[in-house]
Amino acid sequence: MPWRHKWFIGAIIVLLVVVAGLVYWSEGFSNKKPLNVTVIIKSHDASIEFWQVLVDGVHEAAQEFDTKVEVWGARDETDVEGQIALVEKAIVNRPDAIVLAATDFDRLIPICNKVVAKGIKLIILDSGINSNIAQSIVSTDNFKAGQEAGQAMLQEIKGPAKIGILSYVKNAASHIDREKGARDVLSGLPYIEMLDTYFVEGSEQKAYLKAKEILQSNTEVLGIIGLNEPTSVGAGRAIRELGMKDKVKLIGFDSSVNEIKLLDEGVMKATVIQRPFQMGYLSVKTAVEAVRGKKIQKQIDTGSLVITKENMYEEENQKLLFPFVGK
Amino acid sequence: MSIFSRLRSIQTNMVLSSVLLILMTIMIVSVISYYLTKDAVQSKAQEYTTELVKQINNNIKSYVNGMNYMSDLVAGNPFVQDYLSKETFASLKQEKESKESISTLLESMLVSRTDITSVNVFGYNGQFVSGRKELELNPYIDLTSLNWYRNAQEAHGQSVISPSHIQPVFKDRYPWVVSLSRELSSRDGSKKLGVFLVDLNFSVMNDMFKDVRLGQRGYLFIVDSSGKIVYHPQQQLIYSKLKYEMIDRVLEIKNGTFTSNEGSNSRMYTVQESDFGWKIVGVSYVNELVSNQNEMRLSYVGLGFICIVIAIIISFFLSQRVSQPIKQLQSYMKEVEKGNFDIHVPVPKTTEVGRLARAFNIMVGKIKELMNQVVSDQEQKRKSEMNALQAQINPHFLYNTLDSIVWMAESNKSKEVVLMTSALAKLFRASISKGEELVSIRTEIEHITNYLMIQKMRYKNKLDYQIEISDSVWDYKTIKVILQPIVENAIYHGIKMKHGPGLIRIASEETETDIHLFIEDNGNGMDEEKLRTLLLPISRSEAGRGVGVQNVHERLKLYFGPQYGLTYKSTLGVGTTVYIRFPKSLQSSEGEK
Numbered sequence: 001m002p003w004r005h006k007w008f009i010g011a012i013i014v015l016l017v018v019v020a021g022l023v024y025w026s027e028g029f030s031n032k033k034p035l036n037v038t039v040i041i042k043s044h045d046a047s048i049e050f051w052q053v054l055v056d057g058v059h060e061a062a063q064e065f066d067t068k069v070e071v072w073g074a075r076d077e078t079d080v081e082g083q084i085a086l087v088e089k090a091i092v093n094r095p096d097a098i099v100l101a102a103t104d105f106d107r108l109i110p111i112c113n114k115v116v117a118k119g120i121k122l123i124i125l126d127s128g129i130n131s132n133i134a135q136s137i138v139s140t141d142n143f144k145a146g147q148e149a150g151q152a153m154l155q156e157i158k159g160p161a162k163i164g165i166l167s168y169v170k171n172a173a174s175h176i177d178r179e180k181g182a183r184d185v186l187s188g189l190p191y192i193e194m195l196d197t198y199f200v201e202g203s204e205q206k207a208y209l210k211a212k213e214i215l216q217s218n219t220e221v222l223g224i225i226g227l228n229e230p231t232s233v234g235a236g237r238a239i240r241e242l243g244m245k246d247k248v249k250l251i252g253f254d255s256s257v258n259e260i261k262l263l264d265e266g267v268m269k270a271t272v273i274q275r276p277f278q279m280g281y282l283s284v285k286t287a288v289e290a291v292r293g294k295k296i297q298k299q300i301d302t303g304s305l306v307i308t309k310e311n312m313y314e315e316e317n318q319k320l321l322f323p324f325v326g327k
Numbered sequence: 001m002s003i004f005s006r007l008r009s010i011q012t013n014m015v016l017s018s019v020l021l022i023l024m025t026i027m028i029v030s031v032i033s034y035y036l037t038k039d040a041v042q043s044k045a046q047e048y049t050t051e052l053v054k055q056i057n058n059n060i061k062s063y064v065n066g067m068n069y070m071s072d073l074v075a076g077n078p079f080v081q082d083y084l085s086k087e088t089f090a091s092l093k094q095e096k097e098s099k100e101s102i103s104t105l106l107e108s109m110l111v112s113r114t115d116i117t118s119v120n121v122f123g124y125n126g127q128f129v130s131g132r133k134e135l136e137l138n139p140y141i142d143l144t145s146l147n148w149y150r151n152a153q154e155a156h157g158q159s160v161i162s163p164s165h166i167q168p169v170f171k172d173r174y175p176w177v178v179s180l181s182r183e184l185s186s187r188d189g190s191k192k193l194g195v196f197l198v199d200l201n202f203s204v205m206n207d208m209f210k211d212v213r214l215g216q217r218g219y220l221f222i223v224d225s226s227g228k229i230v231y232h233p234q235q236q237l238i239y240s241k242l243k244y245e246m247i248d249r250v251l252e253i254k255n256g257t258f259t260s261n262e263g264s265n266s267r268m269y270t271v272q273e274s275d276f277g278w279k280i281v282g283v284s285y286v287n288e289l290v291s292n293q294n295e296m297r298l299s300y301v302g303l304g305f306i307c308i309v310i311a312i313i314i315s316f317f318l319s320q321r322v323s324q325p326i327k328q329l330q331s332y333m334k335e336v337e338k339g340n341f342d343i344h345v346p347v348p349k350t351t352e353v354g355r356l357a358r359a360f361n362i363m364v365g366k367i368k369e370l371m372n373q374v375v376s377d378q379e380q381k382r383k384s385e386m387n388a389l390q391a392q393i394n395p396h397f398l399y400n401t402l403d404s405i406v407w408m409a410e411s412n413k414s415k416e417v418v419l420m421t422s423a424l425a426k427l428f429r430a431s432i433s434k435g436e437e438l439v440s441i442r443t444e445i446e447h448i449t450n451y452l453m454i455q456k457m458r459y460k461n462k463l464d465y466q467i468e469i470s471d472s473v474w475d476y477k478t479i480k481v482i483l484q485p486i487v488e489n490a491i492y493h494g495i496k497m498k499h500g501p502g503l504i505r506i507a508s509e510e511t512e513t514d515i516h517l518f519i520e521d522n523g524n525g526m527d528e529e530k531l532r533t534l535l536l537p538i539s540r541s542e543a544g545r546g547v548g549v550q551n552v553h554e555r556l557k558l559y560f561g562p563q564y565g566l567t568y569k570s571t572l573g574v575g576t577t578v579y580i581r582f583p584k585s586l587q588s589s590e591g592e593k
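If you're matching them up, the sequences are chains V and U in order. Be aware that the first sequence starts at 1, since it is given in our numbering, and climbs by one per residue. Be aware that the second sequence starts at 1, since it is given in our numbering, and climbs by one per residue.
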């Protein structure tokens, strides 16, 4: 008798467990624990709209994918040591994923190896490192963006020209790729002479001075490409000051009020803009998917866009050029 | 005990079926109530969203109405009319004064309105007056390239609302605004004077919408009548096709709600149309509407679980209560199976089982009774057998026969002596043989032939006999020693009393089922009275005559049933015929069973 009862109760319990399991399973485990993602960007400098918009995208994704996100930034884009320290600090907190916009192509590799070794998912954002360990790279295809800048330059210059490139910092992957892209289009043409790439050590003022120096020493210079916002604005200021806007063709990168003004005035002929909002959004989305074990793309191109005076007020471009940040 | 036989037990069946029933009921009930609750919560959320969207619509309306009011004020203002319609002014001072007065008017409108970025009048004569004096025109912008300017001209004096856009007309400023623009014309309408522009700081609206959160991830967006997005928190994602909104369906309906079909990511759109062609759309994620969905689900599952456990325990005890008396009955039955009939099952209260127990008791009683009867029947059989045996070895017959043998021996009739002695020997051998009750008719006839042979030798010419048994009945079975007592009777009471020779004839007849043997004599016969009492049990007590016949009659009935036995037919002075009736049977010991 007791043995029979045991068998019986056992059978019923199994039945109940199966039923409960089915009920629970059919409704899905929607009550997933929020993930922790730490986003480390290049600079927390609030004056650079690019990062602000990017962080907006990060927060938007955090909300949509129910993720706890912390956004840290180095002091400025040259502060490689500071960023390494931030990654170190992030590892201690043991988030599910770290999203990193690397300030240096080489020097962040060891710490990135450490991130991956600790089992934390690593997503590279905007600028990469010279290594293949990250789960995914979410960035503008900077080489392609550089090519677009080169194409825009070709549209503007007619006839022989010298072209100089202003780069913000050495060793940032994004800038290296842009430069390569631009040179890919422009070099090899018989009527174009490519000048050196000038590094301005992360300062708009230095970019301005450098541009002025170039313009003054090479009276025949016809083209300048600024590889990011401060270099573009710096060069623009120099051109405006020297009243050379008809003679010198400036192609820039990114967008800001100052760049818009330059476009409006006709000092800057075109700017290649990225989609920082998408970048931020997709980096978090990809991080979440990586943590949840979904298949993710190794490389995600968020795209770039050439903005000129003619198309700058088009509806779709307005939102990219004039973000709502900080208002 | 194997699983299958256990599954067949009543208790298991009852528990299983009731558990299944309860399980299904609880599951259905909890699923239904879960969905009902969910629906209720959902419709509540929907109501809330609709209310919220309506409120926002009202807010926007009040902004737009305010702007409209400003445009009315400006359009009808004589200073403005005057200033814009004049090609030239008498003096620079007059122009400045005129401009000053308009500027003051516009400025007064801006007082305490932080949401308005600027109020401006653009005259076709090249004049520009702004409510904010610090504003300068952006020299690089062509007014006619701007949407709000062109739309106002096309609307001929009607107010036009332009969706959120960048306002580039002012130097060094690129604010996000919603513009209301309106073409100004002279009072008689003949002359078009310029365009009036109010810019509403879009960040005010933006902040208003941005803070609207419908659930965790829900949001609010606005489209204009052509489907262009006026405001969307994730506008960039939409432009880059990372996110889709069901704008077509939004445009189709005026006010109301619909749900997109995206599985677990389904979104509920609540659409509210504004007066100026905008549609405000609240988007909430369906699975979020019920914020505590999981707790709800868990509590339903938990409650169901507890109910089921309780139900199982109850059904277990209930089924035990029902099956317990049955089991008890079963154990009594086992006793009976073992042969114990002295059992009385206590009758339980449960009606069905009670009836069963009562019937069982009655049945056991009946069986006991029948068993007793069988025992007594057997006893009687044995007794009558003994009687038959006694009848057979009637001592007088034996004495007489032996006397005859002695007498014949003295007369040196050795041949007859041998014949008679061997017949006697056969007679006894046949009757004692094997002790079986049933013998074939052949054996019985052999027996009676021996007997008659002896008697014939004794009575010489006084007795003769004929045996005419048809061949077909030889092998049928009958009880042994049934003919002898009847033949004995016929000789002693029929033929012996008669003058002259007597004849005994034994013949057979058969029907479909039965065999009839009849013994006919031409003796004295009997009167009615004798005939009547012959087979009655009383006659048994009378000494001598009739005892053997009575015994045969009883044995036939005992073996073959009450419908069989002897029948007498007799006429006084003519003779007697005895009919023996029994069923056809080829089996050897049927009667024993």
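Where a beta carbon is used, it is the ideal one built from N, C-alpha and C, also for glycine.
Pick from the options that is closest to residue i, judged by C-alpha positions
| i | options | result |
| --- | --- | --- |
| V:I124 | V:P160, V:Y281, V:E265 | V:Y281 |
| V:V185 | V:A172, V:K170, V:G202, V:I163 | V:I163 |
| V:Q83 | V:V92, V:G73, V:Q151 | V:G73 |
| U:A75 | U:A45, U:T114, U:L197, U:P168 | U:L197 |
| U:Y476 | U:K279, U:S404, U:Q484, U:H516 | U:H516 |
| V:E259 | V:E193, V:I40, V:G223, V:M312 | V:M312 |
| U:G227 | U:L298, U:E273, U:G215 | U:E273 |
| U:N361 | U:R382, U:D403, U:V336 | U:V336 |
| V:E193 | V:A287, V:A182, V:E241, V:L122 | V:A182 |
| V:V55 | V:G293, V:R275, V:T308, V:D177 | V:R275 |
| U:V121 | U:Y332, U:S319, U:S112, U:V169 | U:V169 |
Chain U within 8 Å of residue i, Cβ atoms only
| i | result |
| --- | --- |
| V:Q299 | no |
| V:D66 | yes |
| V:S30 | The pLDDT assigned to V:S30 is 46, lower than 50, so where the model puts this residue is not dependable; a value taken from the coordinates is nonetheless given after this. Yes - at least one Cβ of chain U is within 8 Å of the one on V:S30. |
| V:F50 | no |
| V:G236 | no |
| V:G303 | yes |
| V:F322 | yes |
| V:E60 | yes |
Where residue i falls, given that 16 or more other Cβ within 10 Å makes a residue buried
| i | result |
| --- | --- |
| U:L92 | exposed |
| U:H493 | buried |
| U:Y465 | buried |
| U:H344 | exposed |
| U:Q167 | buried |
| U:M24 | exposed |
| V:K269 | buried |
| U:V439 | buried |
| U:P325 | buried |
Chain V contact for residue i (CB, 8 Å cutoff)
| i | result |
| --- | --- |
| U:W148 | no |
| U:I671 | Residue 671 of chain U lies beyond the range of chain U shown here (1 to 593); nothing can be said about it. |
| U:H165 | yes |
Test: residue i CB closer than 8 Å to a CB of chain A
| i | result |
| --- | --- |
| V:Q318 | Here the protein chains are V and U, and chain A is not one of them. |
> Which residues, in chain order, does the stretch 544-575 of chain U contribute to contact with chain V at a C-beta distance below 9 Å?
Replying inline: none
> Along the stretch 250-282 of chain V, what residues have a CB closer than 8 Å to any CB found in chain U?
Replying inline: V257, I260, K261, D264, E265, G266, R275, F277, Q278, Y281, L282
>> Just to confirm the assignment: which complete beta strand (DSSP E) runs, minimum length 3, are found wholly within the stretch 443-486 of chain U?
In response: 463-468, 477-479
>> So within the stretch 55-136 of chain V, which uninterrupted alpha helix (DSSP H) runs reach at least 4 residues, ignoring any that extend past its ends?
In response: Runs of the alpha helix (DSSP H) inside the stretch 55-136 of chain V: 80-93, 109-117.
>> Please give the ranges of any alpha helix (DSSP H) in the stretch 264-336 of chain U, keeping only runs that are unbroken, at least 4 residues long and fully inside the region.
In response: Listed in chain order, the complete alpha helix (DSSP H) runs (minimum 4 residues) inside the stretch 264-336 of chain U are 286-289.
> In chain order, what residues of the stretch 210-242 of chain U put their CB closer than 8 Å to some CB of chain V?
Replying inline: Q216, R217, K228, P233, Q234, Q235, Q236, L237, Y239, S240, L242
> Name the residues in the stretch 167-183 of chain U whose C-beta lies less than 8 Å from a C-beta of chain V; which are they?
Replying inline: P168, D172, Y174, W176
> Going along the chain, which residues of the stretch 120-139 of chain U sit with their C-beta nearer than 7 Å to a C-beta in chain V?
Replying inline: N138
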